[in-house]
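Have a look at the structure below before the remarks.
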């Protein structure tokens with residue numbers, strides 16, 4: 001039988017207009033499309049862009065909360081920034097913040113969150129529900145409640161921890177202030193890492209783990225050769241998010257108010273104390289801008305790592 | 001290289017599902033053995049229990065004379081090719097092949113040399129620096145094979161080794177795998193749901209259903225003399241005719257026609273008992289008109305199988321199928337008969353083969 005091929009339908013092709021990708025897919029026109037986006041843009045402008053620009057503006061002024069400088073602020077250029085660089089309080093806070101981020105986010109939340117997710121990965125039933133419930137509870141409780149709970153736990157004379165350990169009068173918040181807020185923030189934030197790693201571990205193909213087991217790989221070797229390479233992207237994303245969150249976290253203030261002797265005065269607390277308690281708005285704004293720059297550097301560092309192929 | 005022996009092997013999953021029901025099986029050294037069955041029959045569980053990825057609830061797994069029932073997978077000296085090949089995406093081909101050697105702490109130079117030697121044998125030498133993501137499905141399969149070969153394990157286990165390949169490649173890989181196994185001479189167990197694959201590759205095979213082994217035999221035994229109607233229905237690319245029959249002296253009454261009692265069941269049937277008459281379409285010859293000792297009816301469907309045709313006859317309301325060579329196919333609606341080969345026809349009583 002001869003192959004039957006109908007001639008192509010050229011007429012339909014000729015009449016149809018050139019069908020490329022149009023830049024106006026919805027057919028709204030520039031004006032109406034703009035009207036749809038306008039409310040969102042207005043909100044972003046009012047609540048994000050304007051405050052950010054305002055902070056930069058404030059950082060260049062000697063603006064104060066009260067007094068003459070509040071009524072007639074003067075332009076001081078980079079004076080506030082230069083002041084920050086020679087301010088031991090600022091450097092102290094920066095060092096403390098890095099300790100806080102390293103201890104509670106990078107080591108505490110990531111290690112604890114991953115360990116919990118790894119141990120719970122194949123479990124079902126009550127134990128898993130209880131562990132997840134407790135961890136997530138710490139995450140969803142309001143900060144004020146959590147802070148009160150920790151004060152009640154660590155109190156020198158009537159604290160729960162001292163009662164349990166039988167060492168009344170041991171002042172945790174005075175003797176180990178940084179350790180206290182690191183543990184506090186680890187406890188508070190582990191849920192996020194645990195859930196993220198729980199989901200990530202679900203994506204590791206079981207056959208890859210089994211293949212390693214058949215080769216005789218130990219638990220650690222399975223983690224090194226199969227699990228970590230598979231969830232590398234998740235680890236970096238997790239680190240990026242919680243590093244930034246922890247860097248800007250104000251929670252420890254509720255526990256220690258920056259003390260004793262400024263030993264827990266992380267940058268967020270330092271800005272609060274400078275700008276609102278001491279009233280030096282211009283200087284506080286300058287430090288805020290520096291925090292923003294540090295955040296940018298941290299973010300770029302992680303994003304670079306993420307982009308590099310594993 | 002070693003024999004694999006299973007004694008009373010039982011696996012019950014939490015919740016009471018019995019995946020393996022007291023299985024006994026011996027796979028001699030160097031054999032290419034297929035586990036065949038429909039999905040959910042327990043064939044993959046059996047393979048994973050041999051590998052140690054599942055723990056047996058009862059019985060024993062003996063590999064090379066050593067009871068490994070309670071031994072971890074890594075200590076059993078078996079290697080496995082997974083259905084998805086399980087190549088590590090962040091390692092190149094060399095590192096993937098050498099991975100089991102790295103775990104065994106073989107020196108770097110030595111394991112690279114071994115990987116290259118095995119890879120060259122499988123035609124992978126030009127791909128050593130690639131990552132699995134840069135390989136085709138067939139190449140990935142060969143890397144997975146190279147990885148098990150590099151281990152020099154006592155036994156190889158393949159889980160559905162061909163199912164991730166496209167149809168054309170699957171046929172090539174089938175021939176290739178069989179040749180490779182023959183050359184290596186390593187005891188190999190593979191799981192498949194495709195009866196044609198099992199028939200083509202295996203030295204012997206076990207057909208499983210619901211955690212039980214229904215027949216163990218060579219491909220030709222399983223094809224020609226299925227031990228029960230389950231195996232008869234499962235094996236063969238065209239389904240076997242399984243027809244209700246009643247014994248009448250030395251003939252059987254099937255769909256209103258009389259056929260002789262098959263040679264295998266002569267003297268074993270009781271007059272008047274109800275049986276199932278089984279004969280493969282391939283063992284039927286077609287003749288026009290009504291034929292003594294054949295099943296006569298009208299041709300209702302013709303299916304082209306390439307070099308032959310599958311003829312479906314309506315014999316007194318019962319569907320009977322036979323195969324005719326190309327060029328000899330009847331016309332639709334024609335009256336004709338399919339005549340079974342007496343030495344290939346079988347009789348089943350209560351689902352089991354009637355034979356001496």
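Chains as they are written, first to last, in full-length UniProt numbering: chain A, 1 to 310; chain B, 1 to 356.
We treat Cβ as the ideally placed atom computed from N, Cα and C, and that holds for glycine.
Of the residues assessed, residue 210 of chain A falls on the buried side of the cut-off, its CB having 16 or more other CB atoms within 10 angstroms. By the 16-neighbour rule on beta-carbons within 10 angstroms, residue 24 of chain A is exposed. Residues of the same chain with a CB within less than 6 angstroms of the CB of residue 160 of chain A, apart from the 5 flanking positions on each side, are 153 in chain order. The C-beta of residue 84 of chain B comes closer than 8 angstroms to at least one C-beta of chain A.
For residue 75 of chain B, the C-beta contacts it makes with chain A under 9 angstroms involve 216, in order along the chain. Along the length of the region 200 to 229 of chain B, whole beta strand (DSSP E) runs at least 3 residues long occupy 204 to 209 and 212 to 217, reported in chain order. DSSP places residue 241 of chain B inside the beta strand (DSSP E), whose first and last residues are 241 to 248. Per DSSP, residue 304 of chain B is not a residue of any alpha helix (DSSP H); the beta strand (DSSP E) it occupies stretches across 295 to 304. Looking only at A/147, A/239 and A/225, the smallest Cα-Cα distance to residue 190 of chain A is reached by A/239. In the three-state DSSP reduction, residue 281 of chain B falls in the helix class (H, G or I).
At a cut-off of 8 angstroms between C-beta atoms, residue 13 of chain B does not count as an interface residue with respect to chain A.
Each of A/174, A/205, A/292 and A/224 was checked against the Cα of residue 255 of chain A, and the nearest Cα belongs to A/174. Per DSSP, residue 322 of chain B is one residue of the beta strand (DSSP E) stretching across 318 to 325.
The three-state reading of DSSP puts residue 68 of chain A in helix, counting H, G and I together. Boundaries around residue 337 of chain B are those of the beta strand (DSSP E), 335 to 340, since no alpha helix (DSSP H) includes it. Sequence-ordered contacts of the region 119 to 141 of chain A with chain B are nonexistent [C-beta pairs closer than 7 angstroms]. Between residue 69 of chain A and residue 62 of chain A, the C-beta gap is smaller than 8 angstroms, which places the two residues in contact. Counting every other CB atom within 10 Å of its CB across the protein chains shown gives residue 74 of chain A a total below 16, marking it as exposed. Not one beta carbon of chain B lies nearer than 8 angstroms to the beta carbon of residue 234 of chain A. Just so you know, the alpha carbons of residue 247 of chain A and residue 134 of chain A end up roughly 25 angstroms apart.
Assigned with DSSP and collapsed to three states, residue 63 of chain A falls in coil, not helix or strand. Here residue 80 of chain B is bridged, per DSSP, to B/157. The DSSP-derived three-state label of residue 274 of chain B is strand. In the displayed model, residue 121 of chain A falls within coil according to three-state DSSP, outside both helix and strand.
Secondary structure at residue 250 of chain A: coil, using DSSP grouped into helix, strand and coil. By the beta-carbon neighbour count (other beta carbons within 10 angstroms, threshold 16), residue 31 of chain B is buried. For residue 49 of chain B, the three-state secondary structure derived from DSSP is helix. Chain A places no beta carbon closer than 8 angstroms to that of residue 226 of chain B, leaving this residue out of the contacts. Every alpha helix (DSSP H) of 4 residues or more that sits fully in the region 205 to 251 of chain A is shown, in chain order, as 206 to 214, 219 to 222 and 232 to 247. Across the region 150 to 167 of chain B, CB contacts with chain A closer than 8 angstroms involve 151, in sequence order along the chain.
Just so you know, the alpha carbons of residue 237 of chain B and residue 197 of chain B end up roughly 11 angstroms apart. Chain B places a beta carbon closer than 8 angstroms to that of residue 226 of chain A, counting this residue as a contact. Judged by DSSP in its simplified three-state form, residue 175 of chain A adopts helix. Three or more beta-carbon pairs drawn from the region 278 to 289 of chain B and the region 330 to 343 of chain B are found closer than 8 angstroms, and the two stretches are therefore classed as touching. Within chain A, the C-beta atoms nearer than 7 angstroms to that of residue 104 of chain B come from 216, in chain order. By the C-beta criterion, the region 61 to 69 of chain B is judged not to be in contact with the region 140 to 150 of chain B, since fewer than 3 inter-stretch pairs fall below 8 angstroms.
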